[in-house]
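Quick note: the sequence shown uses my numbering, first residue 3, plus one each step.
Idealized CB from N, CA, C, for every residue including glycine.
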Amino acid sequence: MTHNPFTQPLANTRSELPACERFEATSHLWSQPELDALALAVAARRPLLVRGEPGSGKSQLARAAAKLLEAQAPLVQVIHPRFEPRDLLYRYDTIRRLADANTPKGLKGDQDYVHHGVLWRAWESAAKGPVVVLIDEIDKGDADVPNSLLEILGQRSFQVDEAQDMSTPKLAAHAMPLVVITTNEERELPAAFVRRCVVLNLNPPKGEKELKDWLLQRVQAHQSLAASLHPDVLNRAIDQVLADRGDAEREGQPRVGLAETLDLLTALGEVTKTFTGPERATKQHEWLDRLSAYALVKHAGVDPGQRRPPVPMKQAEDASAG
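(1) Please identify the residue among Thr276, Arg47, Ala295 whose C-alpha is closest to the C-alpha of Gly156.
(2) Considering only their Cβ atoms, is the gap separating Leu71 from Trp125 smaller than 7 Å?
(3) Would you say Val243 and Leu51 are within 7 Å of each other, going by their C-beta atoms?
(4) Secondary structure at Ser127, three-state DSSP: helix, strand or coil?
(5) By the three-class DSSP mapping on this structure, what secondary structure does Arg16 have?
(6) Who are Ile97's beta bridge partners in DSSP?
(7) Sorted by chain position, which residues of the same chain lie with C-beta nearer than 7 Å to Val273's C-beta, five sequence neighbours on each side aside?
(8) Specify the secondary structure class of His118 as computed by DSSP and reduced to three states.
(9) Would you check if the distance between the CB atom of Arg198 and the CB atom of Leu152 is smaller than 7 Å?
(10) Assuming Gly59 and Leu270 make a contact with CB atoms under 8 Å, what is their CB distance in whole Å?
(11) Going by Cα to Cα distance, which pick from Ile240, Val162, Ala295, His301 is closest to Glu210?
(12) Report the CB separation of Arg330 from Ala295 in whole angstroms; it is logged as a contact under 8 Å.
(13) Mind checking Asn205: buried by the 16 CB within 10 Å criterion, or exposed?
(14) Please state whether DSSP places Val299 in a helix, a strand or coil.
(15) For a test of the three-state rule: what should DSSP assign to Ser33, helix, strand or coil?
(16) Along the alpha helix (DSSP H) that carries Leu217, what are the first and last residues, could you check?
(17) Assuming Leu136 is part of the alpha helix (DSSP H), what are its boundary residues?
(18) What separation, rounded to the nearest whole angstrom, lies between the Cα atoms of Leu19 and Pro314?
(19) Count the C-beta pairs between the segment 82-97 and the segment 32-44 that are closer than 8 Å, then say yes if the count reaches three, no if not.
(20) With burial defined as no fewer than 16 other Cβ atoms inside 10 Å of the residue's Cβ, what is the status of Asn14: buried or exposed?
(21) Opposite Val181 in the DSSP bridges: which residues?
(22) Got a sec, what are the start and stop residues for the alpha helix (DSSP H) Asn149 sits in?
(23) Would you mind sorting Leu63 into buried or exposed? The rule is 16 or more other CB atoms within 10 Å of its CB.
Okay, structure coming up:
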């Protein structure tokens, strides 16, 4: 890939991402670290490993990168515990082949038993233009998966072991797809793998004020969503997110993030859309008290009904005024 738009200043730091087969339409607010890490990954022809807590926008970064590259939506492979490294390239359907061997029509051609994996499809498309591949949640698989991924990318050619005369795509060095890999850090990745990746840490800021600003900026990038909420409600909802994150951290539980925040705010706008004026703001405050625990308090061991004191309305308004 010779086209590297991540080195150029952006005319607009917000990218609108259309809906596609796997994802809903959304907005992405670019940060300079994201652009710099992507610029390095493209220039060095290395995979980009994106670290961060769940819901921090790791997978969305691949979609935003594809938009800037003027590429199709990313080719996606979600890793699971039973995932085999070879599945990145292809999967040979031995069960179907065995079944066909016992029918009157007999066996079909090998191509009928080979299911193309995400890298096979990426290599076929790379000759036509930029391609983005998203390998999601690589920490869910065995250590063989990341190690094999690097080996496959380095070789740029492969064969089907069960049908060695079958034609397979070959990848030119200049046509290397942009490979974005995400991890939730559930399992430590092999050190050799991490060293050979460009690494971007996408964790949100740690300071309370910085985190609130970070969340508000990303909510406001969704212009129609932000416009559907009264400013006091939006501030109070973000304060509730911060309070519940703090409680979860003190109890050693996973913290909610941007994804859960957007879910809650979307619901508040939806359930109050028939109201207008001051009544709408009142209803949004009421629904925030009723709904927020189910979006933000997800760990086991809480009270039945997930009861906890909501952030007071006055506290949120004072914080907004300050």
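Reading off the structure:
(1) Arg47
(2) Result no, Cβ atoms of Trp125 and Leu71 do not sit closer than 7 Å.
(3) Against a cut-off of 7 Å, the Cβ pair of Leu51 and Val243 comes out as no contact.
(4) In the three-state DSSP reduction, Ser127 falls in the helix class (H, G or I).
(5) strand
(6) None; Ile97 has no bridge partner.
(7) Within the same chain, Val273 has close Cβ partners Trp289.
(8) strand
(9) Contact flag set, yes.
(10) Wrong, their Cβ atoms sit about 21 Å apart, outside the cutoff.
(11) Closest option to Glu210, Cα to Cα, is Ile240.
(12) Beyond the ends of the chain as shown, which are 3 and 324, falls residue 330; an answer cannot be given.
(13) exposed
(14) coil
(15) coil
(16) 210-222
(17) Where Leu136 is concerned, there is no enclosing alpha helix (DSSP H), although the beta strand (DSSP E) it sits in stretches over 134-138.
(18) Their Cα atoms are separated by approximately 35 Å.
(19) no
(20) In this structure Asn14 is exposed. Its beta-carbon is surrounded by fewer than 16 other beta-carbon atoms within 10 angstroms.
(21) Val135
(22) 146-157
(23) buried
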